[in-house]
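Before any comments, here is the structure.
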Amino acid sequence: MPFKLISKFKPKGDQPQAIAKLTKNLKSGKNHQVLLGVTGSGKTFTMASVIQKIQKPTLIISPNKTLAAQLYQEFKEFFPNNAIHYFVSYYDYYQPEAYIVQSDTYIEKDAKINEEIDRLRHSAAQDVLSRKDVIVIASVSCIYNIGSPENYRDVSLDIKLGQKIKRRDFLLRLTNLQYKRNDISPVKGSFRARGDIIDIYLVTGENILKVYFLGEKISNIALESVDFNSHKKTILKNYKLFPANFWVAPQNKINVAIENIKTELQNRLKELNKQKRILEAQRLEQRTNYDLEMLQEVGYCHGIENYSSQLEFRKPGSPPFSLVDYFKYFNPEGFLMFIDESHISMPQIKAMSVQDRARKETLIDFGFRLPSAVDNRPLKLPEFEKIEKQIIYVSATPNEYEKEKSGKNIIEQLIRPTGLLEPSIEIKKTENQIKDLI
-19 MPFKLISKFK PKGDQPQAIA KLTKNLKSGK NHQVLLGVTG SGKTFTMASV
31 IQKIQKPTLI ISPNKTLAAQ LYQEFKEFFP NNAIHYFVSY YDYYQPEAYI
81 VQSDTYIEKD AKINEEIDRL RHSAAQDVLS RKDVIVIASV SCIYNIGSPE
131 NYRDVSLDIK LGQKIKRRDF LLRLTNLQYK RNDISPVKGS FRARGDIIDI
181 YLVTGENILK VYFLGEKISN IALESVDFNS HKKTILKNYK LFPANFWVAP
231 QNKINVAIEN IKTELQNRLK ELNKQKRILE AQRLEQRTNY DLEMLQEVGY
281 CHGIENYSSQ LEFRKPGSPP FSLVDYFKYF NPEGFLMFID ESHISMPQIK
331 AMSVQDRARK ETLIDFGFRL PSAVDNRPLK LPEFEKIEKQ IIYVSATPNE
381 YEKEKSGKNI IEQLIRPTGL LEPSIEIKKT ENQIKDLI
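The sequence shown lines up with residues -19 to 418 when you count with my numbering.
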């Protein structure tokens, strides 16, 4: 479905010329532009208008959750018939794994996940991999590693009407996708099996997928709302079920990854023993072997993201997979990106990988993690820049970085649609100001 902007507003002020120039530059292949718009000039409406004209999947990066949520609501109103998604960090509370050398204190990772935001993240990733009319509004945390888009899509389960599969094998496939069985009180990311009917509570949280068996064949597939007051039921011929977790891989890849982790462990243990760091070696061996047992048995372990480079078969130091890669994977012809409030967002993107690395190196040095754990990180700025995309920096006060990248392609939007001017400023002397205050 093409992007269709629905609004009672029409471009006014500087908006028409800004929309025309941005669109022309995009169509002529310009990869960097700045939309320099004053506060209240309608930059969001200009962005929406450009998306409608260009008709490309779009990622909008905002400096924080609050601004991202505001944009999400506005774009939902502008494009009610298209896939608009919200992708931000899903932690209500997050204490990263760390080791304080001075006090010999190990701090285990502790986090409280917001289930609603987790649902929205999965919804966004799934639509990026299956639709072209998608807009994702994200915070800068979207440059963090979330696992391989290829693995996420490849391990998905294609469910078809008339498909021959044993009920037991089907349930096993669900557990391989990290769906958990819960026959008493199922929640999103779980399933219930009662007789010949299997209820799958989708990780997106909005629907229940019902799969009916007749012997060793799927006889019916239906999609129902989790809201029991809604009687809406959709009969399907097929359905693509994505994993309940981003950190998944096919079993054959997991087996190879386990062997690679074992090899890295042995090499690291030799280094530590050679340095006579017996405590660190014992600690690393015990922790890693426990994780390997969990991976072997259930295909998942606590802190699985620290083994992401092996599970994704990435070379040491190679860039991780982020939401940006999901766009790149399904849109090889390119996609559109807006950096909102770029004077704030771009410095954050530059700094993220540096802060993350310092903490990881301490964990590695003292035997809490393997050296490859450092590859579970956000994108570095040069890696972010290399991803093929067309980008528009949106700001009232762009930094030198954005100006330098865009060159002459700086489009000004100074006249507001309302015609309101900037308030006049009068500078007075410090003497005799009391009468102005009264």
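The C-beta atom is built at its ideal place from N, Cα and C for all residues, glycine as well.
Rounded to a whole number of angstroms, what is the C-alpha to C-alpha distance between residue i and residue j?
{"i": "isoleucine 329", "j": "aspartate 355", "result": "17 Å"}
{"i": "leucine 154", "j": "lysine 160", "result": "8 Å"}
{"i": "valine 30", "j": "alanine 49", "result": "20 Å"}
{"i": "glutamine 53", "j": "threonine 24", "result": "11 Å"}
{"i": "leucine 182", "j": "phenylalanine 67", "result": "18 Å"}
{"i": "methionine -19", "j": "arginine 337", "result": "42 Å"}
{"i": "serine 170", "j": "isoleucine 180", "result": "6 Å"}
{"i": "threonine 243", "j": "leucine 157", "result": "27 Å"}
{"i": "serine 110", "j": "valine 304", "result": "15 Å"}
{"i": "valine 18", "j": "serine 325", "result": "17 Å"}
{"i": "glycine 283", "j": "proline 43", "result": "27 Å"}
{"i": "serine 386", "j": "glutamine 13", "result": "5 Å"}
{"i": "lysine 144", "j": "arginine 267", "result": "41 Å"}
{"i": "glycine 142", "j": "lysine 233", "result": "29 Å"}
{"i": "alanine 118", "j": "histidine 65", "result": "8 Å"}
{"i": "valine 191", "j": "serine 199", "result": "8 Å"}
{"i": "glycine 195", "j": "glycine 175", "result": "11 Å"}
{"i": "lysine 212", "j": "tyrosine 74", "result": "38 Å"}
{"i": "asparagine 131", "j": "lysine 220", "result": "14 Å"}
{"i": "lysine 146", "j": "glutamate 277", "result": "21 Å"}
{"i": "isoleucine 215", "j": "glutamate 380", "result": "55 Å"}
{"i": "valine 108", "j": "serine 21", "result": "30 Å"}
{"i": "proline 358", "j": "proline 351", "result": "16 Å"}
{"i": "proline 327", "j": "asparagine 286", "result": "26 Å"}
{"i": "glutamine 106", "j": "serine 404", "result": "50 Å"}
{"i": "lysine 7", "j": "lysine 112", "result": "18 Å"}
{"i": "proline 362", "j": "isoleucine 241", "result": "28 Å"}
{"i": "arginine 349", "j": "lysine 308", "result": "30 Å"}
{"i": "valine 81", "j": "arginine 339", "result": "11 Å"}
{"i": "valine 116", "j": "leucine 51", "result": "10 Å"}
What are the residues that DSSP puts in a beta bridge with residue i?
{"i": "alanine 173", "result": "Ile178"}
{"i": "alanine 42", "result": "Per the sequence shown, the amino acid found at residue 42 is serine instead of alanine. Answer is Ser119, bridged to serine 42."}
{"i": "aspartate 320", "result": "Val374"}
{"i": "leucine 16", "result": "Ser375 and Glu392"}
{"i": "isoleucine 234", "result": "Per DSSP, none; premise fails for isoleucine 234."}
{"i": "tyrosine 73", "result": "Lys92"}
Could you check what DSSP says for residue i in three-state terms: helix, strand or coil?
{"i": "serine 21", "result": "coil"}
{"i": "methionine -19", "result": "coil"}
{"i": "isoleucine 87", "result": "strand"}
{"i": "valine 114", "result": "strand"}
{"i": "histidine 282", "result": "coil"}
{"i": "leucine 141", "result": "coil"}
{"i": "phenylalanine 315", "result": "coil"}
{"i": "arginine 257", "result": "coil"}
{"i": "phenylalanine 67", "result": "strand"}
{"i": "lysine 340", "result": "helix"}
{"i": "arginine 161", "result": "strand"}
{"i": "tyrosine 79", "result": "strand"}
{"i": "serine 425", "result": "Because residue 425 is not part of the residues shown, which for the chain are -19 to 418, the question remains open."}
{"i": "serine 288", "result": "helix"}
{"i": "valine 334", "result": "helix"}
{"i": "valine 108", "result": "helix"}
{"i": "threonine 398", "result": "coil"}
{"i": "aspartate 134", "result": "helix"}
{"i": "arginine 294", "result": "coil"}
{"i": "alanine 125", "result": "The sequence given here has asparagine at residue 125, not alanine. In this structure, asparagine 125 counts as coil in the three-state DSSP scheme."}
{"i": "glutamine 32", "result": "helix"}
{"i": "aspartate -6", "result": "coil"}
{"i": "glutamine 276", "result": "helix"}
{"i": "isoleucine -14", "result": "coil"}
{"i": "lysine 146", "result": "coil"}
{"i": "threonine 243", "result": "helix"}
{"i": "lysine 4", "result": "helix"}
{"i": "glutamine 413", "result": "coil"}
{"i": "isoleucine 405", "result": "coil"}
{"i": "lysine 168", "result": "coil"}
{"i": "asparagine 269", "result": "helix"}
Say yes only if the C-beta of residue i is nearer than 8 Å to one or more non-hydrogen atoms of the ligand NAD, and no if none qualify.
{"i": "lysine 383", "result": "What this structure holds is no ligand at all, so the ligand NAD is not there to describe."}
Length at least 3, wholly inside the segment 178 to 230: the beta strand (DSSP E) runs in chain order: 187 to 194, 197 to 205, 213 to 216 and 218 to 221
The segment 172 to 186 / the segment 236 to 254 touching (three or more Cβ pairs under 8 Å): no
Ranges of the beta strand (DSSP E) found wholly within the segment 344 to 380, counting only runs of at least 3: 370 to 375
Touching by the beta-carbon criterion (3+ pairs, under 8 Å), the segment 140 to 156 and the segment 118 to 130: no
The segment 308 to 328 in contact with the segment 356 to 375 per 3-pair CB rule at 8 Å: yes
Touching by the beta-carbon criterion (3+ pairs, under 8 Å), the segment 97 to 108 and the segment 74 to 85: no
At least three beta-carbon pairs within less than 8 Å, the segment 108 to 125 to the segment 67 to 80: yes
Three-pair Cβ contact test at 8 Å for the segment 376 to 392 versus the segment -18 to 2: yes
Given 8 Å, three or more beta-carbon pairs between the segment 229 to 239 and the segment 288 to 300: yes
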